[in-house]
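Residue numbers (my numbering): 3 to 235.
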């Protein structure tokens with residue numbers, strides 16, 4: 003089981019790490035011993051993988067975890083998720099979030115989306131984790147994904163932490179969706195004309211071009227932004 007920061011593609015993670023390290027593509031190429039053309043391809047998304055020992059050198063130069071850089075799995079640095087031993091009680095520095103399930107109630111033309119706590123593994127997070135993400139933990143819920151459209155990044159039955167107060171679409175981020183009461187996750191691309199493209203990682207699924215209004219007409223609702231996923235192997 004691993005925590006997965008699913009918010010960025012490889013080139014976005016690389017740009018973020020470069021910015022925080024105070025480096026540019028040229029300086030990174032010198033530190034790692036690769037051509038600036040190769041670094042440019044990584045940054046443009048033209049190359050979606052950094053291979054072998056080069057990946058370790060890039061991660062070391064940027065001061066980040068190699069696994070995070072390559073896959074988005076785990077924290078960028080250190081550990082943002084803290085597991086507390088069962089013989090200790092979390093104090094005011096920690097937040098415990100149990101497993102939840104979507105609960106949809108339809109009355110006349112209105113559908114209310116809520117979360118119901120269910121039996122299952124709870125997770126303990128540091129308050130710093132939520133502060134870094136600018137999220138209020140009282141609006142965050144952990145739910146299992148009920149579709150395989152995001153494989154191999156997220157699989158059916160993996161658990162995602164959802165910020166239910168953040169429904170404003172920011173392009174190329176992951177959002178949880180209630181599809182007829184079933185929880186699904188998509189990377190949403192917001193176009194200039196207001197259209198939304200719902201993208202799956204699973205190549206067996208086609209992109210969906212729609213609008214928020216069309217989704218709601220079909221009883222499909224944006225539940226919130228996905229903050230992190232728990233991937234089971």
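The beta carbon of each residue, even a glycine, is placed where N, CA and C say it ideally should be.
If you're wondering where the values come from, they're calculated on a predicted model, not measured in any experiment.
(Q) For the stretch 187-204 against the stretch 212-231, do three or more pairs of beta-carbon atoms, one drawn from each stretch, fall closer than 8 Å, so that the two count as touching? (A) yes
Q | Secondary structure of residue 58, DSSP reduced to three states | A | Taking the chain shown and counting its residues from 1, one reaches residue 58 at position 56. Residue 58: helix per DSSP, three-state reduction.
**Q.** residue 18 to residue 29 span [Cα, whole Å]
**A.** Reading the chain shown from its first residue, position 16 is the one you call residue 18. Reading the chain shown from its first residue, position 27 is the one you call residue 29. In a straight line, the C-alpha of residue 18 is about 15 Å away from that of residue 29.
Q) For residue 155, which three-state DSSP category applies? A) By one-based count along the chain shown, residue 155 stands at place 153. Coil.
Q: Inspect the CB distances between the stretch 125-144 and the stretch 181-188 and report whether three or more fall short of 8 Å.
A: no
(Q) Do residue 162 and residue 179 count as a contact pair if the criterion is CB distance below 8 Å? (A) Sequence index remark: in the chain shown, residue 179 carries index 177 (1-based). Sequence index remark: in the chain shown, residue 162 carries index 160 (1-based). Not closer than 8 Å, so no.
Q) Does the distance from the CB of residue 229 to the CB of residue 142 come in under 8 Å? A) Taking the first residue of the chain shown as position 1, residue 229 is located at position 227. Taking the first residue of the chain shown as position 1, residue 142 is located at position 140. It is a contact, given that the beta carbons lie within the stated cut-off.
Q: Quick one: which unbroken beta strand (DSSP E) runs of 3-plus residues sit fully inside the stretch 131-203? Chain order, please.
A: 142-146, 161-165, 175-181, 184-192, 198-201
Q) Per DSSP, residue 105 forms a beta bridge with which residues? A) Along the chain shown, one-based indexing puts residue 105 at 103. The partner list for residue 105 (beta bridge, DSSP) reads 116.
Q.
Taking its Cβ as the centre, do 16 or more other Cβ atoms sit within 10 Å of residue 138, making it buried, or is it exposed?
A. In the chain shown, residue 138 corresponds to position 136, counting from 1. Exposed is the call here.
Q) By Cβ distance, which residues of its chain are closer than 6 Å to residue 159, with the 5 residues on each side in sequence left out? A) To locate residue 159, count along the chain shown from 1; it is residue 157. Hits under 6 Å: 146.
Q: Run the CB neighbour count on residue 168, radius 10 Å, all protein chains shown included, and call it buried at 16 or more, exposed below.
A: For the purposes of this step, residue 168 is taken as the residue at position 166 of the chain shown. Buried is the call here.
Q | Under the three-state DSSP convention, the category residue 211 falls into | A | Position 209 of the chain shown, counted from the start, is the residue given in the question as residue 211. Residue 211: strand per DSSP, three-state reduction.
Q. Taking DSSP as the reference, what is the three-state secondary structure of residue 46?
A. As a position in the chain shown, residue 46 is number 44, starting the count at 1. Note: residue 46 maps to helix in three-state DSSP.
Q. Since residue 125 sits in a beta bridge, which residues does DSSP pair it with?
A. Looking up residue 125 in the chain shown gives position 123. Paired residue(s): 99.
Q | Coarse secondary structure for residue 1, derived from DSSP in three states | A | The chain is shown only over 3 to 235; residue 1 falls outside these bounds and no answer can be derived.
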